[in-house]
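Participant: Residue numbers (this note's numbering): 51 to 243.
1) With three or more C-beta pairs closer than 8 Å as the rule, is the region 204 to 214 touching the region 118 to 132?
2) How many Å lie between residue 97 and residue 162 at the Cα?
3) On the DSSP bridge assignment, give the partners of residue 126 in chain order.
4) Residues in the same chain with beta-carbon distance under 8 Å from residue 152, minus the five sequence neighbours each way, listed in chain order, please.
5) Can you tell me whether residue 176 is helix, strand or coil according to DSSP?
6) Among the residues of its own chain, which have a CB less than 6 Å from the CB of residue 242, if the five just before and after it don't count?
7) Which residue's Cα is closest to the Cα of residue 175: 185, 134 and 136?
8) What's the call for residue 109, buried or exposed, on a 16-neighbour Cβ count within 10 Å?
9) So, helix, strand or coil for residue 104, using DSSP?
10) Please report how far the alpha carbon of residue 220 lies from the alpha carbon of residue 160, in whole angstroms.
11) Spatial neighbours of residue 216 within its chain, please: CB distance less than 7 Å, with the 5 preceding and 5 following residues excluded, ordered by chain position.
12) Looking only at DSSP bridge pairs, what is residue 148 linked to?
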């Protein structure tokens with residue numbers, strides 16, 4: 051499923067999905083199933099479009115094994131955020147955890163700081179492509195409120211785990227979503243109960 055839809059869900063569907071997510075996230079937090087490991091923090095990831103970003107946070111959920119994993123890469127540029135505004139966004143974004151951690155199938159997320167073009171990326175591992183697609187289309191509706199509309203994009207890579215994505219990093223044809231190098235080895239996704 052290399053998604054070709056590339057559009058948000060309807061407003062009503064987005065609001066409903068976000069409300070359900072917040073409720074599930076609160077349950078995960080209460081059961082201490084959301085973790086913020088620091089091992090990958092500061093690691094630089096280069097992409098095939100010539101840009102690079104540093105990991106500023108990682109979110110990992112305790113999860114069962116998934117049979118059909120995939121990687122989701124999301125890109126966006128925040129509207130009117132420049133200079134010190136980027137540092138402020140990175141700090142406040144911890145609060146955004148409640149807006150995504152409760153989506154079914156989430157395994158992990160690497161939060162990437164703005165690149166040379168001012169665009170942020172989220173690099174996720176999901177339990178299955180359909181769940182990743184649902185999340186990406188829901189997230190789009192939220193990002194549209196604060197982002198340059200033409201900057202929002204996502205790519206789903208089915209059958210790939212995060213570790214495999216980095217293990218096979220190679221130069222591409224300028225794809226914004228394709229990692230080509232890392233400044234150090236990427237630590238494993240982690241926690242499985």
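For each residue, glycine too, the CB sits at the ideal point set by N, CA and C. A quick note: this is a predicted structure, and the numbers were derived from the prediction, not measured.
Facilitator: Per the coordinate set shown:
1) yes
2) Along the chain shown, one-based indexing puts residue 97 at 47. Along the chain shown, one-based indexing puts residue 162 at 112. Rounded to the nearest angstrom, the two C-alpha atoms are 12 Å apart.
3) Within the chain shown, numbered from 1, the residue matching residue 126 stands at position 76. The partner list for residue 126 (beta bridge, DSSP) reads 170.
4) On the chain shown, residue 152 is found 102 positions in, with the first residue counted as 1. Result list for residue 152: 70, 71, 72, 73, 74, 75, 76, 77 and 78, in chain order.
5) Taking the chain shown and counting its residues from 1, the one referred to as residue 176 is at position 126. In this structure, residue 176 counts as strand in the three-state DSSP scheme.
6) By one-based count along the chain shown, residue 242 stands at place 192. The pLDDT assigned to residue 242 is 44, lower than 50, so where the model puts this residue is not dependable; a value taken from the coordinates is nonetheless given after this. Once the five neighbours on either side are set aside, residue 242 has no close Cβ partner at all.
7) Start at 1 with the first residue of the chain shown, and residue 175 comes out as number 125. Here the closest residue by C-alpha is 185.
8) Against the chain shown, residue 109 aligns to sequence position 59. Residue 109 comes out buried.
9) Taking the chain shown and counting its residues from 1, the one referred to as residue 104 is at position 54. In the structure shown, residue 104 sits in a strand (DSSP, three-state: E or B).
10) One-based indexing of the chain shown puts residue 220 at position 170. One-based indexing of the chain shown puts residue 160 at position 110. Going by the C-alpha atoms only, they are around 19 Å apart.
11) Working through the chain shown from its first residue, we reach residue 216 at position 166. So the qualifying residues of the chain are 229, 232 and 236.
12) One-based indexing of the chain shown puts residue 148 at position 98. Beta-bridge pairing links residue 148 to no other residue.
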